[in-house]
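Quick note: the sequence shown uses this note's numbering, first residue 940, plus one each step.
Beta carbons: idealized from backbone N, C-alpha and C, even for Gly.
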Amino acid sequence: MGMDKKAEKILILNVDRDDDIGRKTSFSTPLIGRDKIIKAAEELLLNDPEDADGNALFGAVKLYDEMRRKGEDVEIAAIAGNEFGGVEADKKLVEELTQVTGEITPKGVILVTDGFSDEDIIPIVGTRIPIISVKRIVVKHSRSVEETYALIERYIKMIWKEQPYRIYFIAIPGLILFTIGLLSLLKLTEVAYIYSLLIIGIAMIIKGFGIDEYIQSLRRAYIYEYIKLATYIGTISAFLIGSYISYLTISGLKEYNMILGKPELIWIYGAKILGYFLPPFLSTIVVTVLIYTLGIILYNILNENYEPIFKYPIIIVAVIFFYFIGNEASNIIVNPEVGFSRIILYFVIGFIILFLTTVITYLLHKIKK
């Protein structure tokens, strides 16, 4: 550039991270000197009167003039990144800053920005030149608008490109729109919203329980993690199937259909329906708990984590105890003439077995320790 190297000046540095100067003017950065900065700022604002970087350039010149009038030894320069941001923009900023410091040896820098991306700019400059001050030139009402636009742009990019946001904000809405469109095409518009709600509900369940994260973790998992997954699937499947079978048990009862027609009849026939519903549902609970506990016991054994295993025999005995008591209670509801003698016997025997199981498990646990 043909400039003599100047020593120990304060550098007033304008930073345009998205390179509005290069994109909207005929100038290329770095710019050194008051005249170049003013000409670039004028051209920038003529081409885009709403651009905040043009005002920041004039703000840097104003500060330069004020400090010169006070007798300060200062120089002014402007550097820029590129429109794409990120690493490439930062690399370009570093290169241009190196060029500037190759012609000027500043003892410190006053950073002048439009207030946007300061958190990205300050470390780049501060690690190479001591920062004396940061001056933000903010056009009235522009900073919040510019930051809002930048934030929206950042979130749009994140939603469009990154997992799992892309799935939940693009794929699932796309699937819902496709479902509604397809069902409308098939003249099934009345059920389209039901399927849409199901899709949304499934997505919320998957995200809420962290199922997606758990499935992703299985890529690096040991074999016992697959046993845990199979246990969860088996438990949920057994419960859903058993619940449906329990529903089928009562759906054929005339009392159930009468209640559907007149809900107030539940006070008359509700107990009888409960009596028929309980046996298959209690069996479902027992099977579900057995699948879960046996699966988790196997998981802990393979994982060599024996500490939690001792509580599961108590759970199994308690559930079986609960099954016999509940089953007999439902029998009494349907046939009151059966009486209470058998349920009392079940209760006493079950309580004794549960107590003994708890004591034995506790003693084994103490011995193991």
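Going by the CB atoms, is the gap between T968 and I1018 shorter than 8 Å?
-> yes
Buried or exposed: T1037, going by 16 or more other Cβ atoms within 10 Å of its Cβ?
-> exposed
L1217 vs G1278 beta-carbon contact at 8 Å = no
Which residue from I1162, G1209, G1024, P1112 puts its Cα closest to that of K1096?
-> G1024
Check the C-beta distance from I1271 over to I1282 and give it rounded, since I have them as a contact under 8 Å.
-> 7 Å
Own chain residues within Cβ distance below 8 Å of Y1262, not counting five before or after = L1221, S1222, I1224, V1225
Run through DSSP, which three-state label would D955 get?
-> strand
Counting only the same chain and skipping the five closest in sequence on each side, list residues whose C-beta sits under 8 Å from that of G941.
-> Only weak support exists for where G941 lies, its pLDDT of 42 falling under 50; the value from the coordinates is given anyway. Closer than 8 Å at Cβ, skipping near neighbours: no residue.
Counting pairs of Cβ atoms below 8 Å between the segment 944-964 and the segment 1039-1047, do you hit three or more?
-> yes
In whole angstroms, what separates the C-alpha of E1022 from that of K1009?
-> 37 Å
With a Cβ-Cβ cutoff of 8 Å, do E1194 and I1212 count as a contact?
-> yes
Among all the DSSP beta bridges, which residues are the ones paired with S1072?
-> I1049
Close beta carbons around P1219, own chain, < 6 Å, minus the five adjacent residues each side = I1184, S1185, T1188
Work out the CA separation of F1260 and F1286 for me, nearest whole Å.
-> 8 Å
Own chain partners of T1174 with C-beta closer than 8 Å, once the 5 adjacent residues on each side are dropped | T1227, I1230, Y1231, G1234
Per-residue burial, L1302 [other beta carbons within 10 Å of its own, 16 or more giving buried] = exposed
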